[in-house]
Structure formats: structure tokens, C-alpha cells
DNA sequence: CAAGCTTGCGCAATCGTTTGCGCAAGCTTT
DNA sequence: AAAGCTTGCGCAAACGATTGCGCAAGCTTG
């Protein structure tokens, strides 16, 4: 910058003001500065700027695993919105490991990101506290950390899972299995609850043997469905707590020579884009993933820009997307049963 | 930091040295500093540090689209390796748009990332030049920019596509279609070439009508296969230039009531993890994606750490992964035919 | 006991910007 | 023509760390 100033024969102050258009500068000087910038291929140093301005135009994004299509899509949306607003995003994969989560949150705080989108997994308070007390705007997805002074976005996992299961009940399935997620995750527990709620509401009982824990990964779905199909007189339908596992389930069923939905009906959860293209296409309880991503980013950015609203929990609706894998044409509403 | 120094009643110099363990400090002072750090919840400012040290411990990563599983997996690996070495990665989606590419490269340069992993798409020299002349280590994937002073990692797309197609020929298919990628991408062109090479080598001719351009996205595969299957006496096999489109192709075939591999054999390209779980599992020409990611990151990081080797082009091998979608049990080697 | 070493720490410059403050020159008033 | 405004720019102090250099106190040595 000094060099630019020298070459253009002005002060660095003027160079700065020209670059930022932050006060009037004479035409001729502007031109001189601009040509000097071009000649020297000058690129401002964002660190120095950030240090002075106390902003970095970077957001941190912590997700469990960006190779899970759900988070990949979410990341893509967040990144897009950020790009629009001239922000960059730092990608962090936590693997749902509290230690990694803490490490990343702390790193992001040190890097002085302007905000954080955090897909929380465990009950990790400490890491979050550290960030908040640095006054870094943050929005937490998928988990309501009660008592936390920051926005959260959640979907009603329980109600969604319940409706998904009801859809199978409506299709006259009675022996309905559930491949659920790791029970240390609140969202997984809620979805399991919802599955059970559906039975309760229908005055039926879910056999505990029908419930098989998964890991939210594709292989987990594959192996879970195997043990679910092993016993004689097995389930005729299965609710899978996320779409990635559902893909594994579809494969596992096919590997046994069974057909979906004729032999086993399958319903997933998440609404990833891939669900349209599975064999057969996947019926799923879709999260409004685009909205979640947009809202999350906008919430963070609005706080970055000084918005001072009271933090709150935003609850979004899931919606049932009926495709072939459940073998039930029209979704009946729960209310329609009475 | 000043506050810490004050509270511990030492100079900021000492605080810095304690934090970085960069010179001997008396035990008692170390303790005083450490407790002060805890009490104040002090977190060093990475911007200031970076400014002084001229490093950011951040890498830029530019990919076309992180929601394509191939790039998602790549990103994941890169991020993992970086985490090991205490680096963060900035995620950038270029959408294969030269303008976005330039914008991102320039932004990354301003942010003074220590290095860049760049999955190049177009022929964009300018953006790359700008980075290189800033002396930022960079490795370019998927495209050899000749004359560029930086490392590149490529796979032999042409040979890979050729072998994939040969595999179909070996399976006694003669009318083999090709869903190729956008022709402005070198990798897509090479794969198309490889497809044609296979015919040439077998002294056969590929009907131009069998070649259908795609967009490397899932829907593109779906629509491409439709037009490929429309004519009477259609193809009996298809080579798809990437796995994502291949998934679309599988769906498209199923939607017409045809079966894979009995009616149409399918071979993809990329080797994404999802390929194991498609219906049927996808035969594909796999890129060594883990190696690519690791090598890319290691190359960049080694240069960050002052390695001064001559930049070179690293060529990696693809390998055929035979699953059910091609309907051919054992891959015959091209050489075995003679 | 003086000279020279070693040990342990602090001073102050530096990294590359932004920005509050003030100054000089030209213009408008009265 | 003096007083007061405008206009257009530069000076220098931050921002928060790192690090070369040097200083004082305690030791060793001859």
C-alpha cells in the first residue's frame, strides 16, 4: 500500500480512501491511484484490515460431516448466501465429536470469524459458552440449547417422525420397524419418540425388537435392516431416521432379494435431493433445508450487522414427500382417520 | 493480551513467550500467566498474529460444487488432513463459472490464505496468475495448466474412460452410448475421447447418435438417458462420464421400466462411495479420491513449510470397480483380448 | 575483586490497514 | 479586506500480536 501511495504520489490515507470510496478524492488523484494499483497488482491485506476494522467477513460453519448429502446441501446453501454478501465460510467437520467441536469453536473464535453456524450434536455447553462470551453471533441448528443466548433453528423431529410413521400405519402396515440414529443425539432421540408416538396414538404397540439403532451413516442403514429382517415374520415397513441410512436400507433390502415397496415399505427423513433418484424413489419426511440454510445465514449476518433482537428459537415445519418407496399413493392426514 | 500481562504483572513479551513456548520463562511467571489467561478467558487474536507472522493457517479450497458427492468426499478428506495440521479450510463453490473462480481466487489471496487447492474447471489463466504472483502455494486438480508454476494432480481421464468402455465391449455390447459432461471441461472432453478410443482400438465405430451431452449433474443424467433410449433399436449399454449422472441414468432407466444390467448396462466414472449403494450397485472407473485429497493437501502444506521442489504434474491411476450395474462378472484386461 | 558469562526478562519496532483530527488553500460573506 | 466556510488532503495513532536487541542481576573464573 505504501508502494502504491508512493507511485501515485499521494498519502496512504488517500489510497485507502480511494479504495474504499470512503471520502471524496479528486478525480485525477483517483486515476493516479487506480493505475498504480493496477501496475503493482496491489491486493489489500485482509488481515490488517480485519485487525483494524474488527471484522473478517468470514463465517464459521460446523457440521458433523459434509459428505453426508444433507449437510453437503446445507453447506452449499450457506456458502451461497455468504457469497452473495461477500462473506467466506470456514468448513469444519465435527464428526459429532465433542472434542473436535470444542476445538473448532475455539479456533473459529481465535480466527475472529464474524459469526458461526453450528450444527450441534452433543450437549457440549462449554465450547458454545466460550464463543458466546466472545460476543460472536451464532445460530445453532438442530438442537435447542436452553438458556443459551443465541438463536436456534429446529424442526419438529418428533412430530415429523410421528407423521412419517402414521403414513405407514395408514398404509395398513402394522409391523413397522425403525432404524434410528445414535441415541446421544437429541434429534435422533426425538425421531425415535415420534415413531413411538404414532403407535401410541393408534393404540398400538411397537415391539422393541423392531427398533434398531443406526449411526446416521449409509453402512449403518445397511446393517441395521439386515438384523431387522432376520427374524421370521419380520416387519413389513420401516421408518429410517435419516435419508442416508435409508439409502443403505434400500440396498440392504435389495441385497436380500426383497422388493420395495411390495415386501418392505420404506420412509426416510431429511429430504435430500438424492431421494428423488433412489430405486425406488424415497418417500421421506423432508426438512425445509433451503429455508434452514438461508434463515441460519441471514440470522447470523443480521446480528453481525448490529441487529439486536432478542435471540429466539425458530421452529420450522417438515413436510411429507411421498414417492414410491412407501407404496402408498396419497398421504392421508392423521386427522382424516377419525 | 495487555490485560493478561497486567494481571500477571509481567510484560506482554513474556505472555507471548509463555503462550508460544518460544523461550524459557521462570516457572512461577508461567503459572501466573496461565492463571491470568484462564481468568480472563483470553483467546489470542489470530489476525494480529497472522499479520505479524505472515501466515494464517488457512487453506482455500475451490471446488465446482460441494454438493456433488465426489467433491464432498474430496472436501472432507482435505479438511481432515488440514485439521491434523492445525489448518482451517475456506470452502468455495465455483459452479464452474470462471467469474466466480476469479472472484474466489482473488478473495483468497486477499485473505492471505497460506495455500490453495483448486479444482479448476475452465481455462481461466488470469485468476490463477494473480494468485501465483502473490507467491501463494497452490495445487490444481483435474486440469493441467501448462506453463503454470504450480503442482497439478490429474488422473488419466482418457485412458480411464477407454478402459471403462472396453469393459462394456468385452461384455459383448456393441451399441454403447455415452453420457458425457459439459464440453467446456477438459476432463469431460478427455473422457469422451477415451470412450471413442475404445471403439477405435476395437476397430468399431461409435454412432454419434449414441453420444449425449450431460451437465455432470444428476438431472442431466436422467434426461440424457431418455433421449438415448428413445430411438428404436437403442443402445444396450452406456458409459456415463461421472457417477452423479450415472445415478440419474439408473433412475431414468428404471422409470422406463427397463432393468439394469439386463436391458442396459451402466458404467460410471468417479468412484463415489454412494456407488456401492445404488440399485444395482454401480460399476465405475474409480478415481483414487482419497489419495488425491491427501496428496493435494500435503503438496500445498509442504510448500507452505518452505519446500522448494520444482512443481510438477502428478498423474494418478484410475481403477475399474466392477459391481452389478454392468452385468459383467470379471473384468477382462484389454491385453487379454489378443 | 574485577571482568566476563549466563540467565531471564522488558522495550519498542513492526506487520498493513483504517480513521479521528487538523491544516492549508480557495471561496464566500459582510 | 478581514472573518468565516468549504474542500481536499495528510499526520499519526490505533488494532493485537511477535521478535530483535539490550539490560540487569547473579555466577563463574583467574
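Residue numbers (the numbering used here), protein chains in the order written: chain A, 753 to 1090; chain B, 753 to 1090.
Virtual Cβ for every residue (Gly too), placed ideally from N, Cα, C.
Check residue 830 of chain A in the structure and name its three-state DSSP category.
Within the first chain, the letter at position 78 stands for residue 830 of chain A. Helix at residue 830 of chain A.
Going by alpha carbons, who is nearest to residue 994 of chain A out of A:933, A:1016 and A:1028?
Counting from one through the first chain, the residue named residue 994 of chain A turns up at place 242. Closest option to residue 994 of chain A, Cα to Cα, is A:933.
Closer than 8 Å by beta-carbon distance: list the chain B residues that pair up with residue 819 of chain A, in chain order.
If you number the first chain from 1, residue 819 of chain A lands on position 67. Within chain B, the residues placing a beta-carbon under 8 Å from that of residue 819 of chain A are 821, 824, 825, 827, 828 and 1025, ordered along the chain.
In terms of alpha-carbon separation, which member of B:952, B:958, B:918 and B:912 lies closest to residue 929 of chain B?
Here residue 929 of chain B corresponds to residue number 177 of the second chain, with the count starting at 1. Considering only B:952, B:958, B:918 and B:912, the residue with the shortest C-alpha distance to residue 929 of chain B is B:958.
With 8 Å as the threshold, decide whether the Cβ of residue 963 of chain B is near any Cβ in chain A.
Stepping through the second chain from its first residue, residue 963 of chain B is reached at position 211. No, residue 963 of chain B does not count as interfacial toward chain A.
Should residue 970 of chain A be flagged as near chain B, meaning a C-beta pair shorter than 8 Å?
What you label residue 970 of chain A is simply residue 218 of the first chain in a count that begins at 1. Residue 970 of chain A has a beta carbon lying within less than 8 Å of a beta carbon in chain B.
Just checking: is the beta-carbon of residue 1077 of chain B within a distance shorter than 8 Å of some beta-carbon in chain A?
Here residue 1077 of chain B refers to the residue found at position 325 when the second chain is read from its first residue. By this cut-off, residue 1077 of chain B is not an interface position.
Residue 965 of chain B bridges to which residues according to DSSP?
Stepping through the second chain from its first residue, residue 965 of chain B is reached at position 213. Under DSSP, residue 965 of chain B forms a beta bridge with B:932.
Which residue marks the beginning of the alpha helix (DSSP H) containing residue 914 of chain B, and which one marks its end?
Stepping through the second chain from its first residue, residue 914 of chain B is reached at position 162. The continuous alpha helix (DSSP H) containing residue 914 of chain B extends over residues 909-922.
When DSSP builds the beta bridges, which residues end up paired with residue 1024 of chain A?
Locating residue 1024 of chain A in the first chain gives position 272, counting from the first residue. Within the DSSP secondary-structure output, residue 1024 of chain A pairs in no beta bridge.
Check whether residue 996 of chain A and residue 951 of chain A have beta carbons under 8 Å apart:
Locating residue 996 of chain A in the first chain gives position 244, where the first residue counts as 1. Locating residue 951 of chain A in the first chain gives position 199, where the first residue counts as 1. Contact check for residue 996 of chain A against residue 951 of chain A fails: the beta carbons are separated by 8 Å or more.
Cβ distance (whole Å) where residue 1021 of chain B is taken to contact residue 912 of chain B below 8 Å
Looking up residue 1021 of chain B in the second chain gives position 269. Looking up residue 912 of chain B in the second chain gives position 160. By a beta-carbon distance limit of 8 Å, residue 1021 of chain B contacts residue 912 of chain B. Their separation comes to about 7 Å.
Using the Cβ count rule (16 or more neighbours within 10 Å means buried), how would you classify residue 982 of chain B?
Within the second chain, the letter at position 230 stands for residue 982 of chain B. If you draw a 10 Å sphere on the C-beta of residue 982 of chain B, you find fewer than 16 other C-beta atoms in it, and that means exposed.
Report the CB separation of residue 1048 of chain B from residue 905 of chain B in whole angstroms; it is logged as a contact under 8 Å.
Here residue 1048 of chain B refers to the residue found at position 296 when the second chain is read from its first residue. Here residue 905 of chain B refers to the residue found at position 153 when the second chain is read from its first residue. That belief holds up - the Cβ atoms of residue 1048 of chain B and residue 905 of chain B are roughly 6 Å apart, short of 8 Å.
Taking only beta-carbon atoms, is residue 980 of chain B less than 8 Å away from chain A?
Here residue 980 of chain B corresponds to residue number 228 of the second chain, with the count starting at 1. Taking Cβ atoms only, chain A never reaches closer than 8 Å to residue 980 of chain B, which makes this a no.
With a 10 Å radius around its C-beta and 16 neighbouring C-beta atoms as the bar for buried, classify residue 1051 of chain A as buried or exposed.
Against the first chain, residue 1051 of chain A aligns to sequence position 299. Looking at its Cβ environment, which holds 16 or more other Cβ atoms inside 10 Å, residue 1051 of chain A is buried.
In angstroms with no decimal places, state the Cα-to-Cα distance between residue 1045 of chain B and residue 985 of chain B.
Along the second chain, one-based indexing puts residue 1045 of chain B at 293. Along the second chain, one-based indexing puts residue 985 of chain B at 233. Rounded to the nearest angstrom, the two C-alpha atoms are 43 Å apart.
Min CB distance residue 1039 of chain A to chain B below 8 Å:
As a position in the first chain, residue 1039 of chain A is number 287, starting the count at 1. At a cut-off of 8 Å between beta-carbon atoms, residue 1039 of chain A makes no contact with chain B.
Quick one: give me the first and last residue of the beta strand (DSSP E) that residue 814 of chain B is part of.
For this step, residue 814 of chain B is matched to residue 62 along the second chain. For residue 814 of chain B, the uninterrupted beta strand (DSSP E) run begins and ends at 810-815, by DSSP.
Determine whether the Cβ of residue 842 of chain B lies closer than 8 Å to any Cβ atom of chain A.
On the second chain, residue 842 of chain B is found 90 positions in, with the first residue counted as 1. At least one beta carbon of chain A lies nearer than 8 Å to the beta carbon of residue 842 of chain B.
What is the rounded straight-line gap between the Cα of residue 757 of chain A and the Cα of residue 821 of chain B?
Looking up residue 757 of chain A in the first chain gives position 5. Looking up residue 821 of chain B in the second chain gives position 69. Taking the straight line from one Cα to the other gives about 47 Å.
What does the alpha-carbon distance come out to for the pair residue 1065 of chain A and residue 874 of chain A?
The residue you call residue 1065 of chain A lines up with position 313 of the first chain. The residue you call residue 874 of chain A lines up with position 122 of the first chain. Their backbone Cα atoms lie some 18 Å apart in a straight line.
Give, in chain order, every unbroken run of the beta strand (DSSP E) that is at least 3 residues long and sits entirely within the stretch 875-903 of chain B.
Annotation: the stretch 875-903 of chain B contains the following complete segments of the beta strand (DSSP E) (minimum length 3 residues), in chain order: 890-893.
Would residue 772 of chain B pass as an interface residue toward chain A - the criterion being a Cβ-Cβ separation below 8 Å?
The residue labelled residue 772 of chain B in the question sits at position 20 within the second chain. So no, residue 772 of chain B is outside the interface.
Could you tell me the alpha carbon to alpha carbon distance between residue 1079 of chain A and residue 853 of chain B, rounded to whole angstroms?
For the purposes of this step, residue 1079 of chain A is taken as residue 327 along the first chain, with counting starting at 1. For the purposes of this step, residue 853 of chain B is taken as residue 101 along the second chain, with counting starting at 1. About 45 Å.
Cβ-Cβ distance between residue 792 of chain A and residue 761 of chain A below 8 Å
Along the first chain, read from residue 1 onward, the residue named residue 792 of chain A stands at position 40. Along the first chain, read from residue 1 onward, the residue named residue 761 of chain A stands at position 9. No. Outside cutoff.
What is the DSSP secondary structure of residue 987 of chain A, counted as helix, strand or coil?
Within the first chain, residue 987 of chain A is the residue found at index 235, counting from 1. If DSSP states are grouped into helix, strand and coil, residue 987 of chain A belongs with coil.
Compare the Cα-Cα distances from residue 1072 of chain B to each of B:1058, B:988, B:909 and B:1030 and report the closest residue.
The residue labelled residue 1072 of chain B in the question sits at position 320 within the second chain. Checking every option, the nearest Cα to that of residue 1072 of chain B belongs to B:909.
Three-way DSSP call (helix, strand, coil) for residue 1004 of chain A in this model
The residue you call residue 1004 of chain A lines up with position 252 of the first chain. Looking at residue 1004 of chain A - three-state DSSP - the assignment turns out to be helix.
Inter-residue CB distance, residue 966 of chain A and residue 1018 of chain A (contact presumed, cutoff 8 Å):
Taking the first chain and counting its residues from 1, one reaches residue 966 of chain A at position 214. Taking the first chain and counting its residues from 1, one reaches residue 1018 of chain A at position 266. Contact flag wrong, Cβ pair sits at about 13 Å.
Alpha carbon of residue 803 of chain B to alpha carbon of residue 776 of chain A, nearest angstrom:
Here residue 803 of chain B refers to the residue found at position 51 of the second chain. Here residue 776 of chain A refers to the residue found at position 24 of the first chain. Rounded to whole angstroms, the gap between the alpha carbons of residue 803 of chain B and residue 776 of chain A is 29 Å.
In the stretch 784-803 of chain B, which residues sit with their C-beta less than 9 Å from some C-beta in chain A, listed in chain order?
Residues 793, 795, 796, 797, 798, 799, 800, 801, 802 and 803.
Enumerate in chain order the residues of its own chain whose CB-to-CB distance from residue 1090 of chain B is below 8 Å, with the five nearest sequence positions on each side excluded.
Stepping through the second chain from its first residue, residue 1090 of chain B is reached at position 338. Because residue 1090 of chain B sits at a pLDDT of 29, beneath the cut-off of 50, its placement in the model cannot be relied upon, and the following sentence gives the value as read from the coordinates. No residues qualify anywhere along the chain.
Contact check, residue 987 of chain A vs residue 927 of chain A, beta carbons under 8 Å
Taking the first chain and counting its residues from 1, the one referred to as residue 987 of chain A is at position 235. Taking the first chain and counting its residues from 1, the one referred to as residue 927 of chain A is at position 175. Less than 8 Å separates the beta-carbon of residue 987 of chain A from that of residue 927 of chain A.
Buried or exposed: which applies to residue 863 of chain B, given that a residue is buried once 16 or more other Cβ atoms fall within 10 Å of its Cβ?
Stepping through the second chain from its first residue, residue 863 of chain B is reached at position 111. Looking at its Cβ environment, which holds 16 or more other Cβ atoms inside 10 Å, residue 863 of chain B is buried.
Does chain A have any CB closer than 8 Å to the CB of residue 1017 of chain B?
As a working note, residue 1017 of chain B is residue 265 in the second chain. Interface criterion not met: the Cβ of residue 1017 of chain B is under 8 Å from no Cβ in chain A.
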